[in-house]
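Residue 1699 in the working numbering is what sits at position 336 of the sequence shown, and the numbering runs on without skipping anything. In this text, a Cβ means the ideal position worked out from N, Cα and C, and glycines have one as well.
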Amino acid sequence: MANAIVWFRNDLRLDDHPALHAALDAGLAPVCVYIHAPDEEGDWAPGAASNAWRHRSLAALDAELRRRGSRLRLFHGPTLPTLRTLVQTCEAEAVFWNRRYEPAIEARDAQIKRALREDGIRADSHNGALLFEPWEVQTGQEGPYKVFTPFWRKALTQWQPETSWTAPRTIADVADGPGGVPLGDLRLTARPAWDAGFWPMWTPGEAGAHEALEVFEDGALRGYRSGRDRPDQAGTSRLSPHLHFGEIAPWRVVARLESARTAGTAADIDAYVRELGWREFAHHLLHHFPRTPTEDFNPKFARFAWARRDPRRIEAWRRGRTGVPIVDAGMRELWHLGWMHNRVRMIVGSWLCKHMRLHWTEGSRWFWDTLVDADLANNSLGWQWIGGTGADASPYFRIFNPVTQAEKFDPHGDYIASWVPELADLPVPLRFAPWRDPDRLAAVAPDYPRVPIVDLDFGRQAALAAYTDMR
């Protein structure tokens, strides 16, 4: 049997894996490889939390391959010379991979495909990550969409669900070629192990992804439409890191939920699938507007008077020491779990971009390094949305009041108490705004900031004034 290189990237699964399926369907024995080349990802090499997840997901993928008689070979870059060496030493006829959509990776992959084909090697890429490729959904003028609702409406008219594919129970190993390096040589793990708090909550890998989907289907799916806004409850799917690393295909998620559709779950399923639609829209924007990770989509904000960068205030925001409990709870959750509830992401983002009046890239860079689900498309869209600078963004003058947001979405202060435990002994109303009773705050939590680092009313008015001046 002839051989093919199956090049794994952010598609760390075996089921629903188009590249692996293509190799087997062509009658070729797959040589499964992963090539670590973060320097080829431009300004967006994976962050520390993302690397910690990747280490465990690669280990899980290798274990699944070994159960089937194969293995995952790990290599350091550069990528093209490594692939060429593997093609030669493994006597491979083809290289198959699933596409990625980050601008630097798209350009790199196009170059690799051209070079391999010039070498006379079959080089094919596939869609293994999205319900729609970023270029498939177009306006009536055959251009990209800039507003989500018409994008999603058009996408739904084109939807042709992928057929799920289950990996074979056995995959023959190929003895030829180099065996690669040990996983530890990639140096993805946290040193020291500051990520220890992540893993009681997360199980990286394909099996963990399927387990998370099952937990969601049996629990938070019912009531998801409203429950997803409650950080004090387990109301979200928590599938985002599994989707980012390709441990489960989005079409399998949709198919699984649709199979559970009833009159009682229909609205919740529709709400969740719409959230997957925002993920699709994020990749659509990143492909068509590749500067969005660093530049304001709305060029008017080039004239906006952002505040001077104050390292002490930024550090207070990062460490959950702003004096605003819901903001501090979110930032501490991020630090301890590598993840933050989506509603709270909007609150902490609004606080940074509006009350602190700092450019959204200050937040996007921190999230990039600390989130296990750090995804360039989603991260850029989310931060430009909350910063008011992006496509279909929340207007800049929409400024979240963190106190009323906490009162509405954490009504008993349980989320705050769990992540800012020094405030747990305060009465519930004071958990939202402890500065309203400074004596009691000093007695209960003497080390907690007496007042917010930015006065809520002052910060709001300064942000609105800056926005008015820009206009």
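In summary, Asp1548 is exposed, with fewer than 16 beta-carbon neighbours lying within 10 Å of its beta-carbon over all protein chains present. Bridge pairing for Tyr1397: Phe1371, Leu1437 [DSSP].
Of the candidates Pro1497, Ser1600, Asp1818, the residue whose Cα lies closest to the Cα of Glu1643 is Pro1497.
The residues His1775, Gly1776, in chain order, have a CB closer than 7 Å to that of Val1791 in the same chain once the five nearest residues on each side in sequence are set aside. Beta bridge pairing from DSSP links Phe1459 with Val1369, Asp1487.
Just so you know, the alpha carbons of Ala1422 and Val1537 end up roughly 19 Å apart.
Under the three-state reduction of DSSP, Ala1575 is assigned to helix.
Taking C-beta separations shorter than 7 Å and ignoring five residues to either side along the sequence, the partners of Ser1757 in its chain run Trp1748, Ile1749, Gly1751, following chain order. Excluding sequence positions up to five before and after Val1690, its CB lies within less than 7 Å of the CB of Ile1710, Val1711, Trp1714, Pro1765, all in the same chain and listed in chain order. Lys1476: member of the alpha helix (DSSP H) spanning 1466-1481, first to last residue. Here DSSP, grouped into helix, strand and coil, assigns Ala1828 to helix.
Annotated as distal: Phe1772 and Asp1633, with beta-carbon spacing of 8 Å or more. Excluding the 5 residues flanking it on each side, Ala1583 has same chain C-beta neighbours closer than 7 Å at Gly1590, Ala1597, Gly1598, Thr1599, Ser1600, in chain order. Here DSSP, grouped into helix, strand and coil, assigns Ala1737 to coil. Remark: C-beta atoms of Leu1744 and Ala1645 approach each other more closely than 8 Å. Around the beta-carbon of Arg1372, 16 or more other beta-carbon atoms lie within 10 Å, marking it buried. Less than 8 Å divides the Cβ of Ala1408 from the Cβ of Asp1402.
Looking at the DSSP output, Ala1392 bridges to Asn1366.
With fewer than 16 other Cβ atoms inside 10 Å of its own Cβ, Thr1512 counts as exposed. Judged by pairs of C-beta atoms under 8 Å, the segment 1726-1734 does not touch the segment 1621-1639, as fewer than three such pairs exist. In the three-state reduction of the DSSP assignment, Arg1708 falls in the helix class.
Taking 8 Å as the upper bound for CB-CB distance, Ile1368 and Leu1424 are not in contact here, some 16 Å apart. For the pair of segments examined, the segment 1647-1654 was found not to touch the segment 1691-1708: the number of CB pairs separated by less than 8 Å stays below three. Within 10 angstroms of the beta-carbon of Thr1685 lie 16 or more other beta-carbons, which makes it buried. Residues of the same chain with a CB within less than 6 Å of the CB of Phe1608, apart from the 5 flanking positions on each side, are Asn1373, Leu1375, Ser1420 in chain order. Counting along the chain, Val1817 sits inside no alpha helix (DSSP H), nor does DSSP assign it H or E at all. An exposed status is given to Gly1506, since fewer than 16 other beta-carbon atoms sit within 10 Å of its beta-carbon.
Around Ala1668, the same chain offers Ala1829 as residues with beta carbons nearer than 6 Å, after the five sequence neighbours per side are excluded. In the three-state reduction of the DSSP assignment, Gly1693 falls in the helix class.
The C-alpha of Lys1509 is placed about 43 Å away from the C-alpha of Arg1434. By the Cβ-count criterion, Ala1559 is exposed, with fewer than 16 other Cβ atoms from all chains shown falling within 10 Å of its own Cβ. One Cα belongs to Val1814, the other to Gln1504, and the distance between them is close to 53 Å. Counting of Cβ neighbours within 10 angstroms places Met1703 among the buried residues, the total reaching 16 or more.
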